[in-house]
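Colleague: Residue numbers (this note's numbering): 147 to 438.
Here's a structure for you.
Spelled out as structure tokens, the structure:
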């Protein structure tokens, strides 16, 4: 699947947890395109076991995603997880939305080869366990997380999609493998970009991404694929920031021998992160549950 792969290394520095943590930037050449990713170099004596890709939204980049993930990095260190922040192709992903006008989609860049190459890279250089690989993405990065679960379920232990719904059936250009995967979805009910009730995702001039399913349909897709029927359990999370006008409800499908499927419904949430929870910490804790 991987054609010629060429590695390049660039070193940078970033203040993290009050210390100067070394940030490494590296790349793989995938079918003629250099694909870039960033990560904090593990401290001496800290051997990571798990790998979690953190994907930016449409128009973003990996280093931008690093800002504001300090709590997640601390959680990752405690659980021996290495967080990796890849760059999309020209700031976008070739995810499963057929209508996407992004060059990544138009040129049909090989995302599966990119992620498979990164997994092999971190196995080889850092001893990552191949059965402990995860992905979490925001918005367009959430769509990329869905694509990984749909098309590479044997390589990903679990995924999390934030403020993203699956493409509607007539806007889906991926071929699902049909294998259930643990999935966590975090969506806001008042999101005017990724409509909670489904509809068109319009990112501005010349960036109409086509229709997506509702969050309920997206949640049901993964739950039904995992073999669940009936209603999920529901609990209200503590309203730790009453001033933001939002609350969070957790809906869970969980049974022995089946993948866990969870929806965090942010009541009043928009196309952003709620203040009541740290979405990336929630993702990492969800990932850790899949290893028990």
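C-beta: ideal position from N, C-alpha, C; glycine also.
1. Label residue 147 either buried or exposed according to how many other C-beta atoms from any shown protein chain fall within 10 Å of its C-beta, with 16 as the threshold for buried.
2. Rounded to whole angstroms, what is the Cα-Cα separation between residue 246 and residue 355?
3. With DSSP run on the structure shown, which of helix, strand or coil describes residue 380?
4. Looking at the ligand GDP, does it come within less than 6 angstroms of residue 363, judged from the CB to the closest heavy atom?
5. Tell me which residue opens and which closes the alpha helix (DSSP H) that residue 362 is part of.
6. Just checking, does the stretch 203 to 216 make contact with the stretch 227 to 243 on the three C-beta pairs under 8 angstroms criterion?
7. List the DSSP bridge partners of residue 357.
8. List, from N- to C-terminal side, the beta strand (DSSP E) runs of 3 residues or more that fit wholly inside the stretch 160 to 239.
9. Is the CB-CB distance between residue 390 and residue 416 below 7 angstroms?
10. In angstroms with no decimal places, state the Cα-to-Cα distance between residue 367 and residue 322.
11. How would you write the range of the alpha helix (DSSP H) that residue 265 sits in, first residue to last?
12. Would you report the Cα separation of residue 157 and residue 284, rounded to the nearest angstrom?
13. Hey, quick one: how far does the beta strand (DSSP E) through residue 396 stretch, first residue to last?
Modeller: Working from what's here:
1. Mapped onto the chain shown, residue 147 falls at position 1. With a pLDDT of only 38 at residue 147, under 50, the local geometry of the prediction cannot be trusted, and the value read off the model is given with reservation. Here residue 147 is exposed, its C-beta having fewer than 16 other C-beta atoms within 10 Å.
2. In the chain shown, counting from the first residue as 1, residue 246 sits at position 100. In the chain shown, counting from the first residue as 1, residue 355 sits at position 209. Annotation: residue 246 to residue 355 spans about 5 angstroms, alpha carbon to alpha carbon.
3. On the chain shown, residue 380 is found 234 positions in, with the first residue counted as 1. It is a strand residue.
4. The model depicted lacks the ligand GDP and carries no ligand whatsoever.
5. Translated into the one-based positions of the chain shown, residue 362 becomes position 216. For residue 362, the uninterrupted alpha helix (DSSP H) run begins and ends at 361 to 371, by DSSP.
6. Contact holds: three or more Cβ-Cβ distances are below 8 angstroms.
7. Taking the chain shown and counting its residues from 1, the one referred to as residue 357 is at position 211. According to DSSP, residue 357 shares a beta bridge with 346.
8. Runs of the beta strand (DSSP E) inside the stretch 160 to 239: 165 to 176, 179 to 186, 196 to 201, 227 to 232.
9. To locate residue 390, count along the chain shown from 1; it is residue 244. To locate residue 416, count along the chain shown from 1; it is residue 270. Going by C-beta atoms, residue 390 is not nearer than 7 angstroms to residue 416.
10. The residue you call residue 367 lines up with position 221 of the chain shown. The residue you call residue 322 lines up with position 176 of the chain shown. Distance between the alpha carbons of residue 367 and residue 322 is about 12 angstroms.
11. As a position in the chain shown, residue 265 is number 119, starting the count at 1. Start and end: 257 to 272.
12. As a position in the chain shown, residue 157 is number 11, starting the count at 1. As a position in the chain shown, residue 284 is number 138, starting the count at 1. Annotation note: pLDDT 34 at residue 157 (below 50); position unreliable, no value reported.
13. Numbered from its first residue, the chain shown carries residue 396 at position 250. 393 to 399 is the extent of the beta strand (DSSP E) around residue 396.
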